[in-house]
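*Asks:* Please read through the structure below; I'll follow up with questions.
Chains as they are written, first to last, in the working numbering: chain H, 37 to 360; chain B, 231 to 560.
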């Protein structure tokens with residue numbers, strides 16, 4: 037196997053709520069190479085955000101990572117001590133969240149955010165030097181360096197998200213996790229931010245994990261896609277295979293339900309029913325109540341992830357006969 | 231072609247005054263306004279889905295509220311059939327509301343969490359004195375069935391939090407439809423619904439339109455959905471309609487540079503297709519200080535001298551396609 041940058045194995049996260057245990061992420065495995073883009077696609081409650089947060093052990097209580105490994109540079113992030121993980125967050129793996137207003141400190145100037153971040157991880161760097169680096173980073177993301185003295189509220193939503201991206205790449209991390217980075221933005225600004233992420237990614241050779249509910253964006257912008265449903269990965273492959281040959285009935289349904297502006301007279305098909313309550317997931321396959329191919333077996337046993345063609349994984353009994 | 235207009239909007243304007251601090255008021259005489267809706271004219275034809283599309287802040291939601299008489303306009307007129315809504319007193323407006331209803335974006339915020347779904351849906355019947363008791367219950371059950379919340383006996387006594395997002399939006403439709411309206415304003419009705427459920431809600435809206443002979447004013451920022459659901463579309467920018475017409479015309483032959491940029495920015499679910507996104511300068515300016523001339527000119531890649539001086543009027547390109555751009559050729 038070629039050497040991968042980030043390898044996630046059997047990652048399992050549970051929220052231990054008063055009403056019971058919710059398995060939000062259930063045995064997710066994938067790997068990510070240098071400068072690759074992975075799209076994690078799922079609906080609300082599918083566990084995609086929890087998956088992102090667990091990569092840097094930031095799952096909020098009552099959530100806990102109960103199983104699995106996250107390998108980065110030969111070390112298992114999940115086994116590190118708290119001080120060690122802190123040197124990874126922001127430096128090796130950084131985050132861009134959906135709402136930049138809540139991620140930026142409203143009473144701190146833009147420049148101060150960079151100074152704090154850089155000096156935390158590189159205490160020897162002077163304030164002046166940190167500000168100089170901040171100016172260059174702002175230029176890289178298309179913001180005039182003078183805005184360094186602005187407060188977050190003086191910037192538009194799109195500019196704030198640019199600042200977040202600049203902060204995310206400030207320490208030249210291996211991996212940037214972007215959780216719905218453009219969901220709060222209008223479509224033109226969204227396209228610009230997505231272009232910017234691509235540019236920055238190639239400039240810094242960063243791998244990107246792009247978490248989104250929008251399958252169109254994932255298809256357009258990612259190399260590989262991982263589809264989550266009710267906490268489980270149901271399909272994972274490179275984007276071309278996924279579009280050419282979607283295998284899981286859920287993926288097939290999603291692809292048929294998204295409008296494509298380039299098609300005329302498109303007929304959209306809906307997936308019946310709604311996602312399960314994870315406090316009380318259905319027995320067997322989690323998708324069977326909505327699946328038109330559901331067999332007797334799907335209601336009883338849980339399908340395992342199988343590799344149907346090279347690097348194309350699917351969690352469905354329909355394909356079991358195809359592999360040894 | 232002969233079309234029956236159900237709603238007509240003429241030169242409609244809504245300016246919101248900008249609040250100033252005491253000191254600012256002492257120092258400056260001029261009052262400033264947010265030009266949310268800045269003189270728009272259009273009509274909605276009976277039985278169609280007419281879409282107002284644009285980015286946040288373009289005035290699409292304000293237009294919806296003005297049409298329903300939920301807020302008073304600064305100037306301009308709104309007609310529902312032949313009645314001028316903008317002239318009606320509150321009592322007459324209340325009666326007219328039976329015929330015009332709205333569906334909001336957030337189906338959770340639009341229900342009282344302590345009121346059972348059945349009560350909430352039946353409430354308008356009581357308010358308008360149309361039905362009570364057993365008769366009301368019967369109507370509510372029938373409406374629940376109609377919007378696909380079956381078996382209705384099971385849903386009528388549930389509270390909003392016991393419903394999923396998609397089910398809540400169905401309940402919201404049931405409540406809007408219980409008074410048998412003719413015209414529905416649907417403001418981003420699916421933007422908070424999960425992707426896999428969106429199509430079912432949209433298809434339900436289209437089925438109900440056919441079955442109950444409804445007309446929709448659909449408000450959305452999502453042009454891919456607009457393309458799927460609409461008959462005609464108006465593109466708004468900074469309080470004005472910049473392009474309007476038949477859906478097929480707008481999507482196959484967009485004339486306004488803003489429409490072209492919007493369309494080019496929509497993600498397409500096709501990994502083989504590498505689109506060229508049209509570059510626009512800067513961001514949407516503030517609606518307080520509208521640019522002189524064409525309000526789009528500071529961002530327009532094709533702007534010429536005339537665009538900075540004169541505001542373009544909407545002019546016809548084809549029979550059912552109008553555009554406000556100096557450079558568009560008819």
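Built from N, CA and C at the ideal position, the CB exists for glycine as well.
Computed from a predicted structure; not experimentally measured.
#1: Would the beta-carbon of residue 271/B fall within 9 angstroms of that of residue 242/B?
#2: In whole angstroms, what is the alpha-carbon distance linking residue 313/H and residue 343/B?
#3: For residue 458/B, decide whether its Cβ has a neighbour in chain H, counting only Cβ atoms nearer than 9 angstroms.
#4: Relative to the alpha-carbon of residue 42/H, which residue among 244/H, 85/H, 272/H and 172/H has its alpha-carbon at the smallest distance?
#5: In terms of residue numbering, what span does the alpha helix (DSSP H) encompassing residue 291/B cover?
#6: Can you give the Cα-Cα distance for residue 155/H and residue 54/H, rounded to whole angstroms?
#7: Taking Cβ positions only, does residue 142/H come closer than 9 angstroms to chain B?
#8: Once you ignore the five residues that flank residue 52/H on each side, which residues in its own chain have a CB closer than 6 angstroms to its CB?
#9: For residue 419/B versus residue 397/B, is the C-beta distance shorter than 9 angstroms?
#10: Does any residue of chain H bring its CB to less than 9 angstroms from the CB of residue 245/B?
#11: Roughly how many angstroms lie between the CA atoms of residue 37/H and residue 348/H, to the nearest whole one?
#12: Tell me which residues share the same chain as residue 122/H and place their Cβ nearer than 7 angstroms to its Cβ, disregarding the 5 neighbours each side in the sequence.
#13: For residue 112/H, count neighbouring C-beta atoms within 10 Å of its own C-beta (all shown protein chains included) and say buried if the count is 16 or more, exposed if not.
#14: Mind listing the chain B neighbours of residue 224/H? Cutoff is C-beta to C-beta under 8 angstroms, in chain order.
#15: Report the residues of the segment 265-288 of chain H with a CB closer than 7 angstroms to any CB of chain B, ordered along the chain.
#16: Compute the Euclidean distance between the alpha carbons of residue 134/H and residue 214/H, then round it to the nearest angstrom.
#17: Any chance the segment 285-302 of chain H sits against the segment 445-461 of chain B, with 3 or more Cβ pairs inside 8 angstroms?
#18: Closer than 9 angstroms, Cβ to any Cβ of chain B: which residues of the segment 328-340 of chain H, in chain order?
#19: At the 9 angstroms Cβ level, is residue 347/H part of the contact set with chain B, yes or no?
#20: Considering only the beta carbon of each residue, do residue 374/B and residue 351/B sit closer than 9 angstroms?
#21: Quickly, what does DSSP pair residue 489/B with across the bridge? List them, please.
#22: Tell me, please, which residues DSSP counts as bridged to residue 551/B.
#23: Compare the Cα-Cα distances from residue 322/H to each of 346/H, 295/H, 343/H and 351/H and report the closest residue.
#24: Chain B partners of residue 249/H, CB-CB under 9 angstroms?
#25: In chain B, which residues lie with their C-beta within 9 angstroms of the C-beta of residue 237/H?
#26: Taking C-beta to C-beta, are residue 88/H and residue 62/H nearer than 9 angstroms?
#27: Do residue 507/B and residue 29/H come within 9 angstroms of each other at the CB atom, strictly closer than that value?
#28: Excluding the 5 residues preceding and the 5 following residue 337/H in the sequence, name in chain order all residues of the same chain whose CB lies nearer than 7 angstroms to its CB.
#29: Does the segment 325-333 of chain B come close enough to the segment 406-414 of chain B to have 3 or more Cβ pairs within less than 8 angstroms?
#30: Do the segment 540-558 of chain B and the segment 468-478 of chain B make contact, defined as three or more Cβ pairs closer than 8 angstroms?
#31: Indicate whether residue 132/H and residue 212/H have their beta-carbon atoms separated by less than 9 angstroms.
#32: Measure the alpha-carbon distance for residue 429/B versus residue 453/B and round it to whole angstroms.
#33: Measure the C-alpha to C-alpha separation of residue 68/H and residue 272/H and round it to an integer number of angstroms.
#34: In or out: residue 296/H buried (at least 16 other Cβ within 10 Å) or exposed?
#35: Name the one or two DSSP bridge partners that residue 389/B has.
#36: If you measure between the beta carbons of residue 276/B and residue 234/B, is that distance less than 9 angstroms?
*Replies:* Let's see:
#1: yes
#2: 20 angstroms
#3: yes
#4: 244/H
#5: 290-297
#6: 40 angstroms
#7: For residue 142/H, no CB of chain B lies under 9 angstroms from its own CB, so it is not counted at the interface with that chain.
#8: Cβ within range, chain order: 98.
#9: no
#10: no
#11: Caution applies to residue 37/H, whose pLDDT of 41 falls short of 50 and renders its modelled position unreliable; the value that the coordinates give is listed next. Rounded to the nearest angstrom, the two C-alpha atoms are 16 angstroms apart.
#12: The beta carbon of residue 122/H sits closer than 7 angstroms to none of the beta carbons in its chain outside the five residues before and after it.
#13: exposed
#14: Residues of chain B whose Cβ lies closer than 8 angstroms to the Cβ of residue 224/H are, in chain order, 285, 491, 492, 495 and 510.
#15: 275, 276 and 279
#16: Their backbone Cα atoms lie some 8 angstroms apart in a straight line.
#17: yes
#18: none
#19: no
#20: yes
#21: The partner list for residue 489/B (beta bridge, DSSP) is empty, contrary to what the question assumes.
#22: 475/B and 548/B
#23: 351/H
#24: 424 and 425
#25: Chain B residues near residue 237/H: none, gap ~16 angstroms exceeds 9 angstroms.
#26: no
#27: Any property of residue 29/H remains undetermined from this structure, which presents chain H solely from 37 to 360.
#28: Answer for residue 337/H: 320, listed in chain order.
#29: Contact between the segment 325-333 of chain B and the segment 406-414 of chain B is present, because at least three Cβ pairs lie under 8 angstroms.
#30: yes
#31: The answer is yes: Cβ separation under 9 angstroms.
#32: 15 angstroms
#33: 12 angstroms
#34: buried
#35: According to DSSP, which records beta bridges pairwise, residue 389/B is partnered with nothing at all.
#36: yes
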